[in-house]
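A.B. asks:
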Amino acid sequence: MLTSRNESSVIEVYPAVTLKQNGLQFDGYKGAKGIDARQEILNGLLGKIQIDKVDVQEVVQDDNILHAVVCVLAGMDCVDGLCVVMPDKSHMDTVLREGWIWFRAASGIDKQSTRDKNKAHGRKP
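Those letters in the sequence shown? Residues 0 to 124, by this note's numbering.
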């Protein structure tokens with residue numbers, strides 16, 4: 000359960016966007032031909048999160064396991080308040096129907112935390 004700064008307990012993420020927004024390769028890593036790309040991505044992830052060395056080879060061998068690791072990074076971004084804020088109330092019907100994918104905001108945007116922005120709009124993420 001995520002609890003720290005944004006009060007969410009469950010988030011929906013998109014691994015490719017999480018990779019892109021964290022400055023990592025985000026395409027060409029799936030399937031048997033993507034092993035080298037997965038190794039490059041993993042090298043970048045190791046600078047952002049701690050991964051048990053016993054599992055490193057499994058992450059490189061299976062893009063599904065890599066996705067699970069990337070989801071951890073997305074969760075960390077969310078807890079740290081680095082994700083794009085949910086839209087204002089005028090779009091909330093769509094968000095409630097379709098869901099909201101949490102992803103790290105691009106650099107250079109207003110760094111006010113997700114929780115603070117959502118509180119300003121009268122909603123909980």
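Virtual Cβ for every residue (Gly too), placed ideally from N, Cα, C.
Relative to the alpha-carbon of GLN60, which residue among MET85, GLU39, TYR13, VAL12 has its alpha-carbon at the smallest distance?
C.D. replies: Indexing the sequence shown from 1 puts residue 60 at position 61. Ranking the options by Cα distance to GLN60, first place goes to GLU39.
A.B. asks: From the DSSP secondary-structure annotation, give me the bridge partner or partners of ARG126.
C.D. replies: Nothing can be reported for residue 126, as the shown portion of the chain is limited to 0 through 124.
A.B. asks: To the nearest angstrom, how far is the alpha carbon of VAL16 from that of GLN56?
C.D. replies: Locating residue 16 in the sequence shown gives position 17, where the first residue counts as 1. Locating residue 56 in the sequence shown gives position 57, where the first residue counts as 1. Those two C-alpha atoms are separated by around 23 Å.
A.B. asks: Output needed for GLN18: all residues of its chain with C-beta closer than 7 Å, excluding positions within five of it in sequence on either side, in chain order.
C.D. replies: Taking the first residue of the sequence shown as position 1, residue 18 is located at position 19. The amino acid occupying residue 18 in the given sequence is Leu; Gln does not appear at that position. Hits under 7 Å: GLN24, PHE25, ILE40, VAL69.
A.B. asks: Rounded to whole angstroms, what's the CA-CA distance from ASN42 to CYS82? Just pull it up for me.
C.D. replies: Residue mapping note: residue 42 aligns to position 43 of the sequence shown, counting from 1. Residue mapping note: residue 82 aligns to position 83 of the sequence shown, counting from 1. Those two C-alpha atoms are separated by around 23 Å.
A.B. asks: Could you check where the alpha helix (DSSP H) with ILE34 kicks off and where it finishes?
C.D. replies: Along the sequence shown, read from residue 1 onward, the residue named residue 34 stands at position 35. Taken as a continuous stretch (DSSP letters only), the alpha helix (DSSP H) holding ILE34 covers 34-45.
A.B. asks: Less than 8 Å between the beta carbons of MET75 and ILE100, yes or no?
C.D. replies: The sequence position of residue 75 within the sequence shown is 76, counting from 1. The sequence position of residue 100 within the sequence shown is 101, counting from 1. Taking 8 Å as the Cβ cut-off, MET75 and ILE100 do not qualify as a contacting pair.
A.B. asks: What does DSSP give as the partner residue(s) for GLU11 in the beta ladder?
C.D. replies: For the purposes of this step, residue 11 is identified with residue 12 of the sequence shown, where counting begins at 1. GLU11 is bridged to ILE100.
A.B. asks: Can you tell which of HIS90, LEU44, ILE10, ASP62 has its C-alpha closest to the C-alpha of LYS32?
C.D. replies: Locating residue 32 in the sequence shown gives position 33, where the first residue counts as 1. Out of HIS90, LEU44, ILE10, ASP62, ASP62 has the C-alpha closest to the C-alpha of LYS32.
A.B. asks: By how many angstroms is the C-alpha of ASP54 removed from the C-alpha of ILE34?
C.D. replies: Translated into positions along the sequence shown, residue 34 becomes position 35. Translated into positions along the sequence shown, residue 54 becomes position 55. When rounded, the distance between both Cα atoms is 15 Å.
A.B. asks: Can you tell me the Cα-Cα spacing of ILE64 and VAL94, whole angstroms?
C.D. replies: Translated into positions along the sequence shown, residue 64 becomes position 65. Translated into positions along the sequence shown, residue 94 becomes position 95. Taking the straight line from one Cα to the other gives about 28 Å.
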